[in-house]
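Participant: Input: one structure, supplied below.
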Amino acid sequence: MEDYARAIDLDQLERWPGFFDEKCIYKVTSRENVEAGYPFGVLFADSRGMLTDRVRSLREANIYEGQVYRHLMGRPFIMSMDNGLVQAETSFLILRTMRTGEMSTFAAGVYQDRVRIADGRASFVERVVVCDSSRVDTLLALPL
Amino acid sequence: MEDYARAIDLDQLERWPGFFDEKCIYKVTSRENVEAGYPFGVLFADSRGMLTDRVRSLREANIYEGQVYRHLMGRPFIMSMDNGLVQAETSFLILRTMRTGEMSTFAAGVYQDRVRIADGRASFVERVVVCDSSRVDTLLALPL
Amino acid sequence: MEDYARAIDLDQLERWPGFFDEKCIYKVTSRENVEAGYPFGVLFADSRGMLTDRVRSLREANIYEGQVYRHLMGRPFIMSMDNGLVQAETSFLILRTMRTGEMSTFAAGVYQDRVRIADGRASFVERVVVCDSSRVDTLLALPL
Numbered sequence: 014m015e016d017y018a019r020a021i022d023l024d025q026l027e028r029w030p031g032f033f034d035e036k037c038i039y040k041v042t043s044r045e046n047v048e049a050g051y052p053f054g055v056l057f058a059d060s061r062g063m064l065t066d067r068v069r070s071l072r073e074a075n076i077y078e079g080q081v082y083r084h085l086m087g088r089p090f091i092m093s094m095d096n097g098l099v100q101a102e103t104s105f106l107i108l109r110t111m112r113t114g115e116m117s118t119f120a121a122g123v124y125q126d127r128v129r130i131a132d133g134r135a136s137f138v139e140r141v142v143v144c145d146s147s148r149v150d151t152l153l154a155l156p157l
Numbered sequence: 014m015e016d017y018a019r020a021i022d023l024d025q026l027e028r029w030p031g032f033f034d035e036k037c038i039y040k041v042t043s044r045e046n047v048e049a050g051y052p053f054g055v056l057f058a059d060s061r062g063m064l065t066d067r068v069r070s071l072r073e074a075n076i077y078e079g080q081v082y083r084h085l086m087g088r089p090f091i092m093s094m095d096n097g098l099v100q101a102e103t104s105f106l107i108l109r110t111m112r113t114g115e116m117s118t119f120a121a122g123v124y125q126d127r128v129r130i131a132d133g134r135a136s137f138v139e140r141v142v143v144c145d146s147s148r149v150d151t152l153l154a155l156p157l
Numbered sequence: 014m015e016d017y018a019r020a021i022d023l024d025q026l027e028r029w030p031g032f033f034d035e036k037c038i039y040k041v042t043s044r045e046n047v048e049a050g051y052p053f054g055v056l057f058a059d060s061r062g063m064l065t066d067r068v069r070s071l072r073e074a075n076i077y078e079g080q081v082y083r084h085l086m087g088r089p090f091i092m093s094m095d096n097g098l099v100q101a102e103t104s105f106l107i108l109r110t111m112r113t114g115e116m117s118t119f120a121a122g123v124y125q126d127r128v129r130i131a132d133g134r135a136s137f138v139e140r141v142v143v144c145d146s147s148r149v150d151t152l153l154a155l156p157l
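Quick look at the structure:
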């Protein structure tokens, strides 16, 4: 959890896909979307390869250049643990700081995770990022 | 602590009184009030029944509809532990997101708690919510 | 970590130098500074005595009067542990509330710490505060 946040906050995006299983779900959506029952959000990937592609296109677009992020997270709330599969929800807040020095709350919400624990290592089988605000989609550039 | 925050953030307000003892103190005040020695704050309840009434009136007023909250908390700082009674202080930050997507820092401050641990269950004997800002009172709608 | 934050948030600044070794490094800098390879930041002290002087001048200047701070921190990310010396990095967010009630994000960034654990007590050998924003320097008054 912490290292995932560090990879993004330290602009080590190339490490990001490595937190996921080869076959995985990564989805960014909004609370409003979830409540309305819409299955898809603003971003959807179902393999580690898609995440790698995403990083490549972010690097090419160079959007990430002028801004840095800072994750603050609550304690994971464990929903279930079964056969090495942990289901947990964790509140998050992401601050964005522009090169100009301007800071703002970029996103807040909850990570809904399914994590596989095997051989002393944890990896995401599924990470659904539910943002409190539905405005985030128009700004969305980097992984959350 | 986390589940209390979840009950509010997930709009499961009906669960909120259940975190308190039948006979309890719940108080919302400001740092300025406390420093000035004023005993009462902007909100005061001394029984679980009063909290249940509060939820009912919030539901009727329907104020809560257009906004969601997100708690982020620090680690509890344990002041004392004695005979199953824990005294702790925990910093908090509450973000509010309006249906329009606008996010803002709604409140920040410290929870001053007295928690009873009995039969493997924790309940609030007293929760005093000391907000850093005294402006919070005019906006106050939901439990903090 | 938590008590350090409390000392500042509760305006008990006189306790602040006591978290450091007699011979220590305390530095406040920005991410941009670090990336550009500048060795010094906006604030630098290399002894506990310098920190005590700093508190004295803050009290005399009385800058601190009209504002309170609130630290929220992530879980420390342990980089290494060796012979009672722990190296860790911890994300932080500091909110500032003015007496008028106005709240804002004052600073966010990461604590890069070297902590000595001896005789059941932890003290900072080095605390480098790397702020995400380089704007913080012009506003800087109190310890971060």
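Protein chains in written order, with our numbering: chain A, 14 to 157; chain B, 14 to 157; chain C, 14 to 157. Glycine residues also receive a C-beta, built at the ideal position from the N, C-alpha and C atoms. Note that the structure is predicted; figures quoted are calculated from it, not measured.
#1: Against chain A, which members of the region 40-63 of chain C pass a CB distance test of less than 7 Å?
#2: Short of 9 Å Cβ to Cβ, which residues in the region 71-94 of chain B face chain A?
#3: For chain B, is any of its Cβ atoms less than 8 Å away from the one on residue 19 of chain C?
#4: Can you list, in chain order, the residues of the region 101-132 of chain B whose Cβ is nearer than 7 Å to any Cβ on chain A?
#5: Among all the DSSP beta bridges, which residues are the ones paired with residue 32 of chain C?
#6: Whose CA, out of B:133, B:106, B:64, lies closest to the CA of residue 88 of chain B?
#7: For a contact defined as C-beta to C-beta under 9 Å, what are the partners of residue 140 of chain C on chain A?
#8: Hey, out of C:92, C:15, C:39, C:46, whose CA is closest to residue 112 of chain A's CA?
#9: In the DSSP assignment, what residue or residues form a beta bridge with residue 137 of chain A?
#10: Roughly how many whole angstroms lie between the Cα atoms of residue 65 of chain B and residue 97 of chain A?
#11: In angstroms, rounded to a whole number, what distance separates the CA positions of residue 17 of chain B and residue 60 of chain A?
#12: Can you grab the Cα-Cα spacing for the pair residue 104 of chain C / residue 84 of chain A, in whole Å?
#13: Kindly list, in the order they appear in chain B, the residues whose Cβ is closer than 8 Å to that of residue 22 of chain A.
#14: Alpha carbon to alpha carbon, what distance is there between residue 129 of chain C and residue 30 of chain C?
#15: Which of the three DSSP states, helix, strand or coil, is assigned to residue 14 of chain C?
#16: Among residues of its own chain, excluding the 5 on either side of residue 92 of chain C, which ones have a beta-carbon nearer than 7 Å to its beta-carbon?
#17: Got a sec? Which residues, its chain only, sit under 7 Å from residue 68 of chain A by beta carbon, not counting five neighbours each side?
#18: In whole angstroms, what is the alpha-carbon distance linking residue 52 of chain C and residue 79 of chain A?
#19: Beta-carbon within less than 6 Å of residue 35 of chain A's beta-carbon, same chain only, minus the 5 sequence neighbours each way: which residues are those?
#20: Answer with buried or exposed for residue 121 of chain C, where buried requires no fewer than 16 other C-beta atoms within 10 angstroms of its C-beta.
#21: Give the straight-line distance between the Cα atoms of residue 133 of chain A and residue 14 of chain A, rounded to the nearest whole angstrom.
#22: Along the chain, where does the beta strand (DSSP E) containing residue 113 of chain A start, and where does it finish?
#23: For residue 27 of chain A, which residues in chain C fall below 7 Å Cβ to Cβ?
#24: CB residue 110 of chain C to CB residue 108 of chain A, shorter than 8 Å?
#25: Tell me, to the nearest whole angstrom, how far the beta carbon of residue 127 of chain B is from that of residue 115 of chain B; I am working on the premise that it is less than 8 Å.
#26: Could you compute how far the alpha carbon of residue 90 of chain C sits from the alpha carbon of residue 74 of chain B?
#27: Distance cutoff 8 Å, beta carbons only. Does residue 145 of chain A sit that close to anything in chain B?
#28: Is it right to say residue 44 of chain A is buried, meaning 16 or more other beta carbons lie within 10 angstroms of its own, or is it exposed?
#29: Are the C-beta atoms of residue 67 of chain A and some chain B residue less than 8 Å apart?
#30: Compare the C-beta of residue 148 of chain C with all C-beta atoms of chain A and state if any pair is closer than 8 Å.
#31: Quick one: does residue 15 of chain B have its CB under 8 Å from some CB of chain E?
#32: Since residue 42 of chain C contacts residue 123 of chain C with CB under 8 Å, what's their CB separation in whole angstroms?
Facilitator: On the basis of the coordinates in this document:
#1: Against chain A - using a Cβ distance shorter than 7 Å - the residues of the region 40-63 of chain C are 44.
#2: From the region 71-94 of chain B, only 81, 82, 83, 84, 85, 86, 88 have a Cβ closer than 9 Å to chain A.
#3: Against the third sequence, residue 19 of chain C aligns to sequence position 6. Closer than 8 Å to some Cβ of chain B, the Cβ of residue 19 of chain C qualifies, so yes.
#4: Cβ contacts with chain A: 108, 110, 114, 116.
#5: Taking the third sequence and counting its residues from 1, the one referred to as residue 32 of chain C is at position 19. According to DSSP, residue 32 of chain C bridges with nothing at all.
#6: Taking the second sequence and counting its residues from 1, one reaches residue 88 of chain B at position 75. Measuring from the Cα of residue 88 of chain B, the nearest candidate turns out to be B:106.
#7: Looking up residue 140 of chain C in the third sequence gives position 127. Going along chain A, no residue has its Cβ under 9 Å from residue 140 of chain C, so there is no contact; the nearest lies around 18 Å.
#8: One-based indexing of the first sequence puts residue 112 of chain A at position 99. Checked all of C:92, C:15, C:39, C:46; the closest Cα to residue 112 of chain A is C:46.
#9: Numbered from its first residue, the first sequence carries residue 137 of chain A at position 124. Bridge partners of residue 137 of chain A: A:33, A:128.
#10: Along the second sequence, one-based indexing puts residue 65 of chain B at 52. Along the first sequence, one-based indexing puts residue 97 of chain A at 84. Distance between the alpha carbons of residue 65 of chain B and residue 97 of chain A: 39 Å.
#11: Taking the second sequence and counting its residues from 1, the one referred to as residue 17 of chain B is at position 4. Taking the first sequence and counting its residues from 1, the one referred to as residue 60 of chain A is at position 47. Rounded to the nearest angstrom, the two C-alpha atoms are 35 Å apart.
#12: Position 91 of the third sequence holds residue 104 of chain C. Position 71 of the first sequence holds residue 84 of chain A. It is roughly 8 Å from the alpha-carbon of residue 104 of chain C to the alpha-carbon of residue 84 of chain A.
#13: Indexing the first sequence from 1 puts residue 22 of chain A at position 9. Going along chain B, no residue has its Cβ under 8 Å from residue 22 of chain A, so there is no contact; the nearest lies around 16 Å.
#14: Here the question's residue 30 of chain C lines up with position 17 in the third sequence. Here the question's residue 129 of chain C lines up with position 116 in the third sequence. Each residue's Cα considered, the two are about 15 Å apart.
#15: Translated into positions along the third sequence, residue 14 of chain C becomes position 1. Reduced to three states, the DSSP call for residue 14 of chain C is coil.
#16: Within the third sequence, numbered from 1, the residue matching residue 92 of chain C stands at position 79. Cβ neighbours of residue 92 of chain C beyond the five flanking positions: 100, 101, 102.
#17: As a position in the first sequence, residue 68 of chain A is number 55, starting the count at 1. So the list reads 26, 27, 29, 30, once near-sequence residues are dropped.
#18: Stepping through the third sequence from its first residue, residue 52 of chain C is reached at position 39. Stepping through the first sequence from its first residue, residue 79 of chain A is reached at position 66. Taking the straight line joining both Cα atoms gives about 22 Å.
#19: Locating residue 35 of chain A in the first sequence gives position 22, counting from the first residue. Within the same chain, residue 35 of chain A has close Cβ partners 61.
#20: The residue labelled residue 121 of chain C in the question sits at position 108 within the third sequence. Result: buried.
#21: If you number the first sequence from 1, residue 133 of chain A lands on position 120. If you number the first sequence from 1, residue 14 of chain A lands on position 1. Looking at the two C-alpha atoms, the distance is approximately 15 Å.
#22: The residue labelled residue 113 of chain A in the question sits at position 100 within the first sequence. Premise fails: residue 113 of chain A is in no beta strand (DSSP E) and is neither H nor E.
#23: Mapped onto the first sequence, residue 27 of chain A falls at position 14. Ordered by position in chain C, no residue passes the 7 Å Cβ test against residue 27 of chain A, which lies about 18 Å from the chain.
#24: Here residue 110 of chain C refers to the residue found at position 97 of the third sequence. Here residue 108 of chain A refers to the residue found at position 95 of the first sequence. Result no, Cβ atoms of residue 110 of chain C and residue 108 of chain A do not sit closer than 8 Å.
#25: Your numbering for residue 127 of chain B matches position 114 in the second sequence. Your numbering for residue 115 of chain B matches position 102 in the second sequence. So it is not a contact: roughly 36 Å between Cβ atoms.
#26: The residue you call residue 90 of chain C lines up with position 77 of the third sequence. The residue you call residue 74 of chain B lines up with position 61 of the second sequence. When only Cα atoms are considered, residue 90 of chain C and residue 74 of chain B end up about 45 Å apart.
#27: The residue you call residue 145 of chain A lines up with position 132 of the first sequence. Contact of residue 145 of chain A with chain B is assigned, a C-beta pair being separated by under 8 Å.
#28: Taking the first sequence and counting its residues from 1, one reaches residue 44 of chain A at position 31. Looking at its Cβ environment, which holds 16 or more other Cβ atoms inside 10 Å, residue 44 of chain A is buried.
#29: Taking the first residue of the first sequence as position 1, residue 67 of chain A is located at position 54. Residue 67 of chain A does not count as touching chain B.
#30: Reading the third sequence from its first residue, position 135 is the one you call residue 148 of chain C. By this cut-off, residue 148 of chain C is an interface position.
#31: Of the chains in the structure shown, none is chain E; the protein chains are A, B and C.
#32: The residue given as residue 42 of chain C occupies position 29 in the third sequence. The residue given as residue 123 of chain C occupies position 110 in the third sequence. Between residue 42 of chain C and residue 123 of chain C the beta-carbon gap is near 11 Å, outside 8 Å, which marks them as no contact.
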